[in-house]
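Under the numbering used here, the first residue of the sequence shown is numbered -8, with each subsequent residue one higher.
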Amino acid sequence: MKAEHGIITGGSSGIGLEIAKLLIQTGANITLIARDGEKLEKAARELEKLCPEREVLTLAADVSDRLEIEAAMMNSCDRLGTPDILVTSAGIAYPGYFLEIPITVFEQTMSVNYFGALYSVKAIVPLMVKRGKGTVVLISSGAGLIGLYGYAAYSPSKFALRGLAEALRGELKPLGIKIAVVYPPDTDTPQLRTENLTKPPETQQITATAGIWKPEDVAEAIVRGLEKGEFAITPGMEMTLLNRLHSLVSPGLNWYFDRLVAKISKHHRSHGGRIMNKSTREVAIAILYQSDKILLQLRDDIPTIVYPGVWGMFGGHIEPMETPLETMKRELLEEIGYVPTSLYEFGTYATEEVVRHVFHGPLEVGLEQLILGEGWDMELVTRADIIAGQAYSKQAGMLKAIGEPHRLILVDFLEARINMG
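Rendered as structure tokens:
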């Protein structure tokens, strides 16, 4: 396929970046749009290495912010001209149980996945129409073909892209604009690795029944589909069958998924949807962050405390018939007299001894407004402190270690925030 200019949102990694690599090798100049400036520059270097003679423009913008994305699109067009192809690849996913996912996650997911794509299309298509040609590629998901357990926030946003694509196809075709919608299977991208941190065990079992694609293979399937003029691009036989025979295939899939869920529920779940194992303790802990720092508690140095005298996250044991989120709110009130307006499920970390349900949320007040009800000290620690495994305590007057189980979780969290762009 031939293009002089391609714009890719979410182009700093994953499928978006791989599409950019294929486009630039056909002679296209590229605009990459994502939130993380450092990741954008790294991606640009990869593209420039492939084709030094082509121009690569990087623009940091949040696709869910209409004014930001409109400004980025106009900046791109001013610099490189109206694009021949627009690919909307930016997206987020927070799998979890419907009853435990805050409503803000539903809103944020729709804002990024659907409205982020809509804002981009709305900004660029009028320019394409004026020129009389152009291609728009909306990256949906296999979860946009069938609703999956644990994806109550994600699937609707991807179904919405299917509806948008189908509505635009007929309306814009007479104006010279081609529309394509892509339904990728699970793909080895930073987003998938972030998803895996919060996937319920049932969702993990269901998604494990299908293979994981490489992003470059998905990108090649997309370009082949575009070259053939396909509207619905479905990499792999599973996605193709699901798209073409949905009404026939989905009842059987739902029956199979129900059996998987029932099997897991029988052995691993009770009390309203959380992992239970009588041989382990269950706790809920919170990652409270302020800018690039995270609030930690220095535990009392007494024998009855697990990991005494080290830094750790705030939280505590889950009481009978209490959900992890209920525990988290109760513990934060008891320990610092504060609960963030929004708490999101980050993931579950299980060992033979303890199951840790991890939440995260913004710390929207200063330390002076917190009341330390438990522990010896509290402090906002930096990424460097976490990597080093120790942080200074004013109360102790010395460096104190960060508990290793909590440190590893914090490293995962920091990496996930980077991967999300």
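Virtual Cβ for every residue (Gly too), placed ideally from N, Cα, C.
For residue 117, the uninterrupted alpha helix (DSSP H) segment begins and ends at 107 to 122. Close CB contacts of residue 330 within its chain, under the 7 Å cut and outside five residues either way in sequence, are with 320, 323, 324 (chain order). Residue 31: member of the alpha helix (DSSP H) spanning 28 to 41, first to last residue. In the structure shown, residue 398 adopts helical secondary structure according to DSSP, grouped into three states. For residue 67, DSSP assigns no beta-bridge partner whatsoever. Per DSSP, reduced to three states, the secondary structure at residue 356 is coil, with no helix or strand assignment.
When DSSP states are grouped into helix, strand and coil, residue 182 belongs to the helix group. The shortest C-alpha to C-alpha distance from residue 45 to any of 15, 183, 62 is the one to 15.
Separation of the CB atoms of residue 135 and residue 146 is rounded to 7 Å, and the pair is thereby assigned contact status at 8 Å. Taking a C-beta distance under 8 Å as the contact criterion, residue -1 and residue 67 do not qualify as a contact pair. Between residue 403 and the set 388, 340, 353, 367, the nearest pair of CA atoms involves 340.
Of the candidates 157, 39, 141, 141 places its Cα closest to the Cα of residue 196. With fewer than 16 other CB atoms across the displayed protein chains lying within 10 angstroms of its CB, residue 222 is exposed. Around the C-beta of residue 336, 16 or more other C-beta atoms lie within 10 Å, and the residue is accordingly described as buried.
Here residue 148 is not bridged, per DSSP, to any residue.
Under a 10 Å Cβ-count criterion, residue 383 is classified as exposed, with fewer than 16 other Cβ atoms of the shown protein chains found around its own Cβ. A residue is called buried once 16 or more other Cβ atoms fall within 10 Å of its Cβ, and residue 89, having fewer, is exposed.
For residue 347, the secondary structure class from DSSP, reduced to helix, strand or coil, is strand. Boundaries of the alpha helix (DSSP H) around residue 195: 192 to 198. The residues 102, 103, 106, 107, in chain order, have a CB closer than 7 Å to that of residue 55 in the same chain once the five nearest residues on each side in sequence are set aside. The beta strand (DSSP E) runs lying completely inside the segment 80 to 106 and spanning 3 residues or more number zero. Residue 368: not part of any alpha helix (DSSP H); member of the beta strand (DSSP E) spanning 368 to 372, first to last residue. Counting the other CB atoms within 10 Å of its CB gives residue 164 a total below 16, which places it among the exposed residues. It is roughly 12 Å from the alpha-carbon of residue 47 to the alpha-carbon of residue 8.
In this structure, the alpha-carbon of residue 50 lies about 19 Å from that of residue 83.
Taken atom to atom, the span from the alpha-carbon of residue 22 to that of residue 231 is near 30 Å.
If you ignore the 5 residues before and after residue 168, its C-beta comes within less than 7 Å of the C-beta of 116, 119, 120, 125, 127, all in its own chain and listed in chain order. Per DSSP, the continuous beta strand (DSSP E) segment holding residue 336 begins and ends at 335 to 341. Under the three-state reduction of DSSP output, residue 310 falls in the coil class, being neither helix nor strand. A Cβ-Cβ distance of about 6 Å is found for the pair residue 210 and residue 6, placing them in contact under the 8 Å criterion.
When C-alpha distances from residue 72 are compared across 373, -6, 327, 286, the shortest belongs to -6.
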